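Enquirer:
Protein chains in written order, with my numbering: chain A, 1 to 646; chain B, 1001 to 1646.
#1: Is the distance from the Cβ of residue 108/A to the Cβ of residue 87/A below 7 angstroms?
#2: Indicate the three-state DSSP secondary structure (helix, strand or coil) for residue 1173/B in the structure shown.
#3: Let me know the secondary structure DSSP gives residue 1445/B once reduced to three states.
#4: Could one say the Cβ of residue 451/A lies closer than 7 angstroms to chain B's Cβ atoms, at least one of them?
#5: Any idea what DSSP makes of residue 1328/B, helix, strand or coil?
#6: 7 angstroms is my cut-off, CB to CB: does residue 133/A come that close to chain B?
#7: Tell me, please, whether the CB atom of residue 491/A is closer than 7 angstroms to any CB atom in chain B?
#8: Count the other CB atoms, across all protein chains shown, that sit within 10 Å of the CB of residue 1033/B; report buried if there are 16 or more and exposed otherwise.
#9: If you measure between the beta carbons of residue 249/A and residue 210/A, is that distance less than 7 angstroms?
#10: Relative to the C-alpha of residue 1151/B, which candidate in 1129/B, 1167/B, 1169/B and 1181/B has its C-alpha closest?
#11: Against chain B, which members of the stretch 35-67 of chain A pass a CB distance test of less than 9 angstroms?
#12: Just the C-alpha distance for residue 1435/B and residue 1309/B, rounded to the nearest angstrom, thanks.
#13: Would you call residue 338/A buried or exposed, if buried means 16 or more other Cβ atoms sit within 10 Å of its Cβ?
#14: Return yes when at least one heavy atom of the ligand SAM lies under 6 angstroms from the C-beta of residue 1285/B, else no.
#15: Which complete beta strand (DSSP E) runs does the stretch 1222-1307 of chain B hold, if anything under 3 residues is left out?
#16: Pop quiz: residue 1297/B and residue 1505/B are said to be a contact at Cβ under 8 angstroms. What is the actual Cβ separation, rounded to whole angstroms?
#17: What is the residue span of the alpha helix (DSSP H) that residue 563/A lies within?
#18: What do you reckon, are the CB atoms on residue 475/A and residue 521/A nearer than 7 angstroms?
#19: DSSP on residue 12/A, reduced to helix/strand/coil?
#20: Let me know the secondary structure DSSP gives residue 1631/B once reduced to three states.
#21: Does the beta-carbon of residue 1560/B have 16 or more other beta-carbons within 10 angstroms, so that it is buried, or is it exposed?
#22: For residue 378/A and residue 390/A, what's the separation of their Cα atoms in angstroms?
#23: Go through its chain and collect everything with a Cβ distance to residue 409/A's Cβ below 8 angstroms, but skip five positions before and after it.
#24: Give the secondary structure of residue 703/A by DSSP, where H, G and I count as helix, E and B as strand, and everything else as coil.
#25: With DSSP collapsed to three states, give me the class of residue 422/A.
#26: Cβ of residue 355/A within 7 angstroms of Cβ of residue 406/A?
#27: For residue 432/A, would you say it is in contact with chain B, using Cβ-to-Cβ distances shorter than 7 angstroms as the test?
#28: Mind listing the chain A neighbours of residue 1516/B? Cutoff is C-beta to C-beta under 7 angstroms, in chain order.
#29: Can you tell me which residues form a DSSP beta bridge with residue 1129/B?
#30: Residue 212/A versus chain B: which residues are under 7 angstroms apart at the beta carbon?
#31: Which value, in whole angstroms, describes the spacing of the CA atoms of residue 336/A and residue 342/A?
#32: Please confirm if residue 1262/B has its CB atom under 7 angstroms from at least one CB of chain A.
#33: Can you check the stretch 95-139 of chain A for any beta strand (DSSP E) of at least 3 residues that lies completely inside it and give the ranges in chain order?
#34: When burial is assigned at 16 or more other CB atoms within 10 Å of the CB, is residue 1092/B buried or exposed?
#35: List, in chain order, every chain B residue whose beta-carbon is nearer than 8 angstroms to that of residue 243/A.
#36: Thinking just about the alpha-carbon of each residue, which of 364/A, 481/A, 125/A and 42/A is nearest to the one in residue 155/A?
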């Protein structure tokens, strides 16, 4: 006696669809060009068969996901470069007219930010922010269809282009939204794959995990760190069946992104995005490892300070009535005002001259990663980047210090902007500046002979900038993949060991005492149902007993129910399946496919994985509620030995 | 009415232990030097407190694991280098006496192999082979104490040193046994940690996962690929809580390994093990990607052939009566004979002159990764490595072809040797030779103008060797981490994209049609209870219903059992806990801590992870066997919203 009610009968629907397709192939008197359509359809079906013969349809989906994301990334870079160049050109043309220059400098980013904010506010409000907290939540199994719509894709793409075109004055990045963009493409492609595939299994979960990897990979052309990032943001366990698709898709994305750059004539061949030329003979002295470790600790401490300010402002914007009003109704105005304020501070004739504000984000990073020592080169006109940092004649270290102090609160303020924006790249650049400051100090100290004896090769401050960037961004996001990302971005594998050491130490400091990460703070502030981040704010949550969260009454049917009672139960319940119990209240029948009850007819592989995953010693097995036996590891081993016997 | 029988009452034991410790501190009239001992103990306790204040004791364990493995790795490299040099010196001294040279060339490795085989046969038979299949099985949750004993550690270390000292004639490697060695150290350290730790939670599972990462990391000084390797060999899900420990321990191991190399004077600073000097300006032309893809497909095809031969010889040694007798009783003799045979073939005055047999494994790899083109340099005496490959005056490509043909069956034969040995490095070198052959062909074709027009920079055959090494070893082991390992070993990040592409394609070919990998074949041959590998040999296994593997009768107690019945049940059963049922056979009481039954008092986080991991829609909850309700995603979300309300 088994009762199973499938309210939306998928299989029947599918059958009717396929039969309809067949009918279309044979004859359909209403539509024109019957023969052409039929031939075309047959060709398409043949193509599908041929493609499906080489590998599963989903693999084409993974490849398409990588390539599409790379195309989007390339297009965005292309248009942002044009917009930034236009701004620079206008600013140069107005040379001599200081007031006009001021307005050009401030109004351009202000307008762009206002446009981005009002655009996303009016078309798709869920397109604002980084998107990584939402993606994490979706990867943990919670469906949020708003965040995967095509409207959101469109809005986020245009809004992000505007934000990035506002340049280094608002100091925002691209990574987070790109991870979100690629998950949207992934969700769309997985729907397509399900349509085309023969066996209608759901691939959406897999596609989302893969898309998270592709986002980082095609943003920077860095496949391996993309996959590691995907491993890190996954809920609590990374399924190995996602591993190969992740790598495949990320490799496609990274390769396509770099090939587009080659074909567009930017670079001659595939190479790292921020390629550096560190001296290869002696990248660093072994004892410098200790200084790198110190840098890691410093980055961890600064990240704690930054994250505290960030949490404070998130709280403030939610409690201050003026902010609440501005952020709910006047998003465009607010964004424009904040951008204007930030831009007026960075105006090159004011404080901006002490913080290299004329450089774009990319140029900032490239200048910070420069291998030469600035403090000794400040009078050498041939070295371009350091000139920007000492344009006012002040020492480089002072410029770096001003940059660090100002950008700290400017970054915190920029986080409140309600537009699509990433926060990884700014943090990465900030860390690079922090590392550079220490590196310059060390280089200066060593060149003036404080640490005498090793004068043959000078200290490379660029290496410290690299380690600082990885360590600070890793500490802020509580991840280790920035270490690998820094290496892949610059192509400097020689510094792998110190970068990894600094990142590990910075993470240790940042994660101590259950502090929430940057994304955790946003998750909590946005009230996203993400257990790991919520557990940091409310440590008792994971240990809440099931009894406290259980729904008191569920619809259930008696074994001896009459047809009328069944009818009533179906009408009352919103569930697709209703459990049947006998007169003792004892569970009588459940469908195994969709409900995970440790039932008699479970498959062996499921038992194996439950024993492994939950680190269980014994599994009790019930058949229709009654205990029929138990499974322990020795039993599993026994099965293996029986199999081997044949 | 709940009954719980803990046969080994841990808590009570612990309490008595701590009270005993306290008593020791106060007074113990029998033992001498009471005061000194008391002071020492107090100091140690204080130290433990101080250390525990900075971070958990397990983190010191992870650091120690990395450093100890690195020390072992360095010591082994050191002694192997000495032994190889001694052999070379002797061979050189005997120059002119061809017969003596022959005996020196053949008997040295034969004796070493015989010693290694009989040593491991007599002391610890489970120390033979690679160890990776066994480690995989242990990571999947099955305990095999034989494989983690200290005797095994000792035997494996000495045996492996002998095997490696036999050099490139027997052509065996170090990686696999090192992963095994590090898991043994890990198991020992986890026992130590459990002794020292305050809260006696089991950390052995975590330590084993970490140890798998450390093995590769300290073998090559490559931390990131070590972690990726650990992710890949894990059963089916990689737990994120292992991620940071893995990286930390792998970084410690890699750093220590490289620092030892620096301090021993081998190298000036921390750098890649097989550092190459590829031209950085234009590493490869974008269209060469297609050639790299072709190389990947070729490597995949050759790997299928190699794996087929490997499976055949594994089957042959298990069915052929002569082999069975040799391999059970005369392991030493067999190993010596095979090594003698292999060595006589590679004797430099015979076939060996066509296959660069005078180079060690390391020199072979370095020569193959050389960036210059050999075919055009063959008359240039200043280029050392290519000289070895064309010492007989024959063209380089012919030497490479002979090398590939001979080594194929020699490798297969070497796999039957019953001694501690790794099979990764040989496969890696073989792949490099395969890539080199293609690379030399392409370089020759392009230099003679077949692909004219791009004459300004020549093709780099070393890049093909690198991609071939990664692709072939990845295809043989069905993993992707060799791609990253190849990059970390050589420091050539510029070739990341083509190496990854080649590895992915080679894997696609090798994994098609559910073919077992190298380690899968060994797992099946050794009858290890490892589900993923067994599933490839017997595809129906994972879908076997639970009912078929259930033990028919389990000891259970009636709710109304008399004390005598309880006593009997306890005496009969070998389980530590006995379920209690009521008169309907309905499950009445189970302890939640050790038995995973979806019970009323489960914690919220467990429910969350079960819903996520098993991709379930609904969980039915039973309290004492009776259905009390069900949990779906909306309920979980509801909990979140309640939490957020406060």
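Note that the Cβ used here is the ideal one computed from N, Cα and C, for glycine as well. Small disclaimer: the values here were computed from a predicted structure and weren't measured.
Expert: On the basis of the coordinates in this document:
#1: By one-based count along the first chain, residue 108/A stands at place 108. By one-based count along the first chain, residue 87/A stands at place 87. The answer is yes: Cβ separation under 7 angstroms.
#2: Stepping through the second chain from its first residue, residue 1173/B is reached at position 173. Strand.
#3: Numbered from its first residue, the second chain carries residue 1445/B at position 445. If DSSP states are grouped into helix, strand and coil, residue 1445/B belongs with the helices.
#4: Residue 451/A sits at position 451 when you count from the first residue of the first chain. Because residue 451/A carries a pLDDT of 46, less than 50, the predicted location of this residue cannot be relied on, and the following value inherits that uncertainty. So no, residue 451/A is outside the interface.
#5: Counted from its first residue, the second chain places residue 1328/B at position 328. Correct three-state label for residue 1328/B: helix.
#6: Counted from its first residue, the first chain places residue 133/A at position 133. Not an interface residue.
#7: Numbered from its first residue, the first chain carries residue 491/A at position 491. Interface residue, yes.
#8: On the second chain, position 33 is the one that residue 1033/B refers to. Exposed.
#9: Start at 1 with the first residue of the first chain, and residue 249/A comes out as number 249. Start at 1 with the first residue of the first chain, and residue 210/A comes out as number 210. It is a contact, given that the beta carbons lie within the stated cut-off.
#10: Residue mapping note: residue 1151/B aligns to position 151 of the second chain, counting from 1. Closest in C-alpha terms to residue 1151/B, from the list 1129/B, 1167/B, 1169/B and 1181/B, comes 1181/B.
#11: 55 and 59
#12: The residue labelled residue 1435/B in the question sits at position 435 within the second chain. The residue labelled residue 1309/B in the question sits at position 309 within the second chain. Roughly 21 angstroms between the two C-alpha positions.
#13: In the first chain, residue 338/A corresponds to position 338, counting from 1. By the neighbour-count rule (16 or more Cβ atoms within 10 Å), residue 338/A is buried.
#14: Among the components modelled here there is no ligand, and therefore nothing to report on the ligand SAM.
#15: Within the stretch 1222-1307 of chain B, the complete beta strand (DSSP E) segments at least 3 residues long are 1237-1239, listed from N- to C-terminus.
#16: Locating residue 1297/B in the second chain gives position 297, counting from the first residue. Locating residue 1505/B in the second chain gives position 505, counting from the first residue. That belief holds up - the Cβ atoms of residue 1297/B and residue 1505/B are roughly 5 angstroms apart, short of 8 angstroms.
#17: Start at 1 with the first residue of the first chain, and residue 563/A comes out as number 563. In this chain, the alpha helix (DSSP H) harbouring residue 563/A covers 563-572.
#18: Taking the first residue of the first chain as position 1, residue 475/A is located at position 475. Taking the first residue of the first chain as position 1, residue 521/A is located at position 521. No. Outside cutoff.
#19: Taking the first chain and counting its residues from 1, the one referred to as residue 12/A is at position 12. Bear in mind that a pLDDT of 42 at residue 12/A, under 50, signals an unreliable position, so the number given afterwards is only what the model happens to contain. Of the three classes helix, strand and coil, the one that applies to residue 12/A here is helix, per DSSP.
#20: The count along the second chain starts at 1 and reaches residue 1631/B at position 631. The answer is strand: DSSP assigns residue 1631/B an E or B state.
#21: Reading the second chain from its first residue, position 560 is the one you call residue 1560/B. Under this definition residue 1560/B is an exposed residue.
#22: Here residue 378/A refers to the residue found at position 378 of the first chain. Here residue 390/A refers to the residue found at position 390 of the first chain. Below a pLDDT of 50, predicted positions are generally treated as unreliable, and residue 378/A, at 43, falls in that range; the measurement from the model is reported next regardless. Here the C-alpha atom of residue 378/A lies approximately 7 angstroms from the C-alpha atom of residue 390/A.
#23: Mapped onto the first chain, residue 409/A falls at position 409. 309, listed in sequence order.
#24: This structure gives no information on residue 703/A, because the portion of chain A shown stretches from 1 to 646.
#25: Residue mapping note: residue 422/A aligns to position 422 of the first chain, counting from 1. In this structure, residue 422/A counts as strand in the three-state DSSP scheme.
#26: Within the first chain, the letter at position 355 stands for residue 355/A. Within the first chain, the letter at position 406 stands for residue 406/A. Yes; because the gap between Cβ atoms is below 7 angstroms, this pair is in contact.
#27: On the first chain, position 432 is the one that residue 432/A refers to. False, the Cβ-Cβ gap to chain B never drops below 7 angstroms.
#28: Here residue 1516/B refers to the residue found at position 516 when the second chain is read from its first residue. Listed by position along chain A, the residues whose Cβ is nearer than 7 angstroms to that of residue 1516/B form an empty set, because the closest Cβ is around 14 angstroms away.
#29: For this step, residue 1129/B is matched to residue 129 along the second chain. DSSP output for residue 1129/B lists 1420/B as bridge partner(s).
#30: Position 212 of the first chain holds residue 212/A. In chain order: nothing, as chain B lies at least about 14 angstroms away.
#31: Residue mapping note: residue 336/A aligns to position 336 of the first chain, counting from 1. Residue mapping note: residue 342/A aligns to position 342 of the first chain, counting from 1. Whole-angstrom Cα-Cα distance: 10 angstroms.
#32: Numbered from its first residue, the second chain carries residue 1262/B at position 262. Yes, residue 1262/B counts as interfacial toward chain A.
#33: Restricting attention to beta strand (DSSP E) runs no shorter than 3 residues, the stretch 95-139 of chain A encloses none.
#34: Translated into the one-based positions of the second chain, residue 1092/B becomes position 92. It is exposed - the Cβ of residue 1092/B has fewer than 16 other Cβ atoms within 10 Å.
#35: If you number the first chain from 1, residue 243/A lands on position 243. Near residue 243/A (Cβ distances below 8 angstroms), the residues of chain B are 1231, 1232 and 1480.
#36: The residue labelled residue 155/A in the question sits at position 155 within the first chain. Minimum Cα distance to residue 155/A is reached at 125/A.
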